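Protein chains: 2
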Amino acid sequence: MSATAAQPATASTASRLLADLRAVVGPENILNHHDELLVYECDGYVIEKKVPDVVVFPTSTEHVVAIVKVCNAHDVPFVPRGAGTSLAGGTLPVGGGVMICLTRMKRILEINARDRYAIVEPGAVNVWLTRALAGTGVHFAPDPSSQTACTIGGNVATNAGGPHTLKYGVTVNHVRGVEIVLPDASVVQIGGVAEDDPGYDLTGLVVGSEGTFGIVTKVIVGLTRNPEGGRTLLGVFDSVESATEAVSGIIAAGIVPAALEMLDNIMVRAVEDAFHFGFPVEAGAVLIMEVDGVEAAMDREAQAITEVVHAHGGKVDKAIAWRTRKEPEYMAIWKSRKSAFGAIGRVSPTFCTQDGVVPRTMLPNILRFMEGVSKRYDIRIANVFHAGDGNIHPILMFDERDPDQVKRVLEASHEILEECIRLGGSVTGEHGIGVEKMAMMPKLFTPDDLAAMAAVRDAFNPDGRCSPSKLLPTGGHCIERASPGRRASA
Amino acid sequence: MSATAAQPATASTASRLLADLRAVVGPENILNHHDELLVYECDGYVIEKKVPDVVVFPTSTEHVVAIVKVCNAHDVPFVPRGAGTSLAGGTLPVGGGVMICLTRMKRILEINARDRYAIVEPGAVNVWLTRALAGTGVHFAPDPSSQTACTIGGNVATNAGGPHTLKYGVTVNHVRGVEIVLPDASVVQIGGVAEDDPGYDLTGLVVGSEGTFGIVTKVIVGLTRNPEGGRTLLGVFDSVESATEAVSGIIAAGIVPAALEMLDNIMVRAVEDAFHFGFPVEAGAVLIMEVDGVEAAMDREAQAITEVVHAHGGKVDKAIAWRTRKEPEYMAIWKSRKSAFGAIGRVSPTFCTQDGVVPRTMLPNILRFMEGVSKRYDIRIANVFHAGDGNIHPILMFDERDPDQVKRVLEASHEILEECIRLGGSVTGEHGIGVEKMAMMPKLFTPDDLAAMAAVRDAFNPDGRCSPSKLLPTGGHCIERASPGRRASA
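Chains H and X, in that order, give the protein sequences. Start counting the first sequence at 6; every next residue gets the next number (the working numbering). Start counting the second sequence at 6; every next residue gets the next number (the working numbering).
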């Protein structure tokens, strides 16, 4: 790419910014042609778009520090991005400016299976770490459905979950520390390889902060011992309702499944058409039910699950006994589940994957509600979700070229999320707030609660130059005036 | 108590403060006689003392709000206190002022075993919750040795651990949310009964913040399913070294024990003299080794542990198979362990319980080092510790009436903690920084790291009136100038 690329209106300012960034990372690590930048106009949330002014690809912490200094000197906003798999617009460059793409900081720096940690750069893809740990007896537990693409930095930003969240928790439960470049370009080490640390738990604060505190440049992840074995069962039900009741029945029976995933009929058909796994396409719903742990307990737990399935009118179509998660049959069933979104891509030009949470016992209610929404807005909705967590992922299918469909999808999404709140749940289980759901925050939190969050954000990011308009409104005077720090000193 | 109590020098100011506080909580909920206040001059850390000006006992969140407003109006510092079991001076009223004692906010407000949470007031004693949950099939996992006295609010303040931390984690892993009165007297709800929440993880930030962000007035704790059963084994070894090697051996064998506690010979003798449990008083060290979980796996795991013990020259003196943690033999062994500190009270007029962490593999090194320290400073040191976590608790015995002994204990403690850092560990595993270890913070963190923590603290507590001089130095200009927020906007 050359320096004569298409320039924004204020050419001289923009070209000085570009020259300064080029001096930091070299011309090979910058994109600024409009056609190249188009790739970065959105992430997995395709409804809002904004082209960044420039995309830089740092290859070291020193690069990130220098880039942030340049942005501060030019007073332009900056936003980090990993693989762009965010489903909530977490990497949308709302006010333009500099996108800091971390995909070239992708090394696995250290693996210590004995003390159960690894140190990785933020651009390392989730599944690379899984592969690198093969044979060590330990693994990195968070396994988002997008794990073959999403980066560990992105997992940290959104506090990502996955099918095994039910038993193993979300990303924050598996991060021991980070190195972060703060918005003032200082580099701070938070946490460390040891499991507990004195002082404030800033690691927990940074995980899930969606880039609003700075740019994470290293992640120390905790590793989890592999189970001795497990059982993965495919349950087939006439209806989504009987399947959800079986989910409640399994939990009530005192079993802690490693995963409990549901696919509705639309989803089963899409997956089956795409991958030919042998899913029963007539089923009203399919449940993937998994237990893992001490081998001696597995058959008994699988039997208990089978009994619950039968009690709710379902049948167990497959039962896989496995010793490692690398066995072909095991991998096939999970590939089908994790490729569900890809399968939908074959049947709809565009789709919006929503992310809501309800108390597990409210699953039948929200599913019935979504049927109504689907009819009222004339939008097809497929469902695949982490049933054990009450974390729903309705997939709203539409054609983004039709503005009316876009409008209907937005309104339908909104109704579904409002119903989640009304049922005692929340508007995101694992994808984050991003730009998509900022307007929902006041429905979940009181002004004082939001002021406390804003006060913390402002402590790190007082000018709001880093990831502006993400997670919380930036610099809104109502919130600023109400922030606890300012009120107390007033 | 009457309004004519002994008054400090500035009688009129002090009496106005007292009158204002009395108007809030009523005369029955205030102490201000000097002889009554003496009880509150220190907590479990007896080396520094300071009498508060007044102690108030709120019985509601509204009381706490009104008390904080009075303190702000009078510009006096305030500090929360629970049962005063802190071992690091966490409740020392460093600058005098108002002590807010939460022991009359002690109700268990709700228990929901199905959704696995309970809501308690901060003054509820840890073991009360355990008792209230009997028969529900779930329990509150954090079980500090002081659990019959310490409050859940104190557990939250220090992010307390306990013998079962090894498998079940520390307090933060079992807190879903809090209600907190911020230093500006606003009331904020953080987290909730659901397991995941959008927005910043302020729950994790508040847990372990030692009262420097405000006063927690409600705690939503997560409850853990009881195991089907377990095995508790008493291992007897010739030396502390062979016992610590067995600890490493057990972990290396792939067992995740529920607890791995060590008592050295001095400790075994003290416990045996006090409680006559039948501990072998000639043993160089005793290990309490526990596994819990699926009953079908227990015998095999107990056998594996026994083999490791034998391989390191030890023997298994007792092996208790239990189905609940209420069985008498089970309770007796843990009573002995948890009363270790009390037992020391019978053999030494005063003692200082230290709290350090080393990588587990460094346990033999730190134990050898402590032997040398004991000799050099002529201070007897008993050892009881969470061996599985590498969390040591040397107990330094002395007579506080002898200033030279006090000096030697402080220097010996300091040397031990410095060695913990040198070995790759930290200066506190579970008791917190308090006032005792503030000076060690710069040895663990860079100025930028500390500035980031100070920035967060200042966001909540800008005037430092709430729990001053705890965890981090208050209002030191070096730190204030270096805080990221201020630097970025400078």
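Here a beta-carbon is modelled for each residue, glycine too, at the ideal position from N, C-alpha and C. The structure presented is a predicted model; accordingly, all values stated were derived computationally and were not measured.
{"Query": "Listed in chain order, which residues of the stretch 429–440 of chain H have Cβ atoms closer than 9 Å to some Cβ of chain X?", "Result": "Gly-429, Gly-430, Ser-431, Val-432, Thr-433, Gly-434, Glu-435, Gly-437, Ile-438"}
{"Query": "If you reduce the DSSP assignment to three classes, tell me which class Tyr-122/H lands in.", "Result": "strand"}
{"Query": "Since Pro-85/X sits in a beta bridge, which residues does DSSP pair it with?", "Result": "Ile-105/X"}
{"Query": "What does Ser-214/X reach in chain H if we use C-beta pairs closer than 7 Å?", "Result": "Tyr-205"}
{"Query": "Are there 16 or more other CB atoms within 10 angstroms of the CB of Arg-406/X, so buried, or fewer, so exposed?", "Result": "exposed"}
{"Query": "In chain H, which residues lie less than 9 Å from Arg-230/X when you measure between Cβ atoms?", "Result": "Gly-259, Val-261"}
{"Query": "Starting from Pro-399/X, follow the beta strand (DSSP E) in both directions and report where the run begins and ends.", "Result": "399–403"}
{"Query": "Is there a Cβ from chain H that is less than 7 Å from the Cβ of Gly-209/X?", "Result": "yes"}
{"Query": "Please go through the stretch 42–93 of chain X and give each complete beta strand (DSSP E) segment of 3 or more residues, from N-terminal end onward.", "Result": "59–61, 83–86"}
{"Query": "With a threshold of 7 Å between beta carbons, is Met-458/X in contact with chain H?", "Result": "yes"}
{"Query": "Can you tell me whether Thr-451/X is buried or exposed, with buried defined as 16 or more other CB within 10 angstroms of its CB?", "Result": "exposed"}
{"Query": "Excluding the five sequence neighbours on either side, which residues of its own chain have a C-beta within less than 6 Å of the C-beta of Asn-270/H, listed in chain order?", "Result": "Gly-289"}
{"Query": "Report yes if the C-beta distance between Ile-157/X and Ala-190/X is below 7 Å; otherwise report no.", "Result": "no"}
{"Query": "Chain H partners of Ala-199/X, CB-CB under 8 Å?", "Result": "Val-362, Pro-364, Gly-429, Gly-430, Ser-431"}
{"Query": "Do we get a CB-CB distance below 7 Å when we pair Val-321/X with the residues of chain H?", "Result": "no"}
{"Query": "Within its chain, find whatever has a CB closer than 8 Å to the CB of Pro-285/H; leave out the 5 residues flanking it on each side and keep chain order.", "Result": "Val-241, Val-273, Val-291, Asp-322"}
{"Query": "Output needed for Val-299/H: all residues of its chain with C-beta closer than 6 Å, excluding positions within five of it in sequence on either side, in chain order.", "Result": "Glu-233"}
{"Query": "Since Val-1/H and Gly-95/H are thought to touch, with beta carbons under 8 Å apart, how far apart are those beta carbons, to the nearest angstrom?", "Result": "Missing from the structure shown is residue 1/H; chain H here goes from 6 to 495 and no further."}
{"Query": "On the premise that Val-276/X lies in contact with Ile-52/X, defined as a C-beta separation below 8 Å, what is that separation, rounded to the nearest angstrom?", "Result": "Incorrect: roughly 24 Å between the Cβ atoms, too far for contact."}
{"Query": "Which residues in the same chain have their Cβ closer than 8 Å to the Cβ of Thr-64/X, if we skip the five residues on either side of it in sequence?", "Result": "Val-30, Asn-34, Arg-109, Met-110"}
{"Query": "Let me see if you follow: with CB-CB separation under 7 Å, is Val-461/X close to chain H or not?", "Result": "yes"}
{"Query": "Would you mind telling me which residues of chain H sit closer than 9 Å to Gln-194/X, beta carbon to beta carbon, in chain order?", "Result": "Phe-450, Thr-451, Asp-453, Asp-454"}
{"Query": "Using beta-carbon positions only, say whether Val-180/X and Ile-255/X come within less than 7 Å of one another.", "Result": "no"}
{"Query": "Check the Cβ-Cβ distances between Ser-191/X and every residue of chain H, and say whether any is below 7 Å.", "Result": "yes"}
{"Query": "Within a Cβ cutoff of 6 Å, which residues of the same chain sit near Gln-194/X, ignoring the five residues on either side of it in sequence?", "Result": "Glu-184"}
{"Query": "Does the stretch 362–378 of chain X touch the stretch 137–152 of chain X, meaning 3 or more C-beta pairs lie closer than 8 Å?", "Result": "no"}
{"Query": "Can the beta-carbon of Ile-384/X be found closer than 7 Å to that of Arg-413/X?", "Result": "yes"}
{"Query": "Quick check: Gly-216/X and Ala-162/X, are their CB atoms within less than 7 Å of each other?", "Result": "yes"}
{"Query": "If you draw a straight line from the C-alpha of Ala-71/H to the C-alpha of Val-186/H, how long is it?", "Result": "10 Å"}
{"Query": "Can you tell me whether DSSP reads Gly-481/X as helix, strand or coil?", "Result": "Below a pLDDT of 50, predicted positions are generally treated as unreliable, and Gly-481/X, at 41, falls in that range; no measurement from the model is reported."}
{"Query": "Mind checking if Ala-301/H is an interface residue toward chain X, Cβ cutoff 7 Å exclusive?", "Result": "yes"}
{"Query": "Determine whether the Cβ of Ala-264/H lies closer than 7 Å to any Cβ atom of chain X.", "Result": "no"}
{"Query": "Cβ of Val-212/X within 7 Å of Cβ of Val-177/X?", "Result": "yes"}
{"Query": "At least one CB of chain H closer than 7 Å to the CB of Ala-464/X: is that the case?", "Result": "yes"}
{"Query": "Does DSSP classify Phe-282/H as helix, strand or coil?", "Result": "coil"}
{"Query": "Any chance the stretch 255–268 of chain X sits against the stretch 114–130 of chain X, with 3 or more Cβ pairs inside 8 Å?", "Result": "no"}
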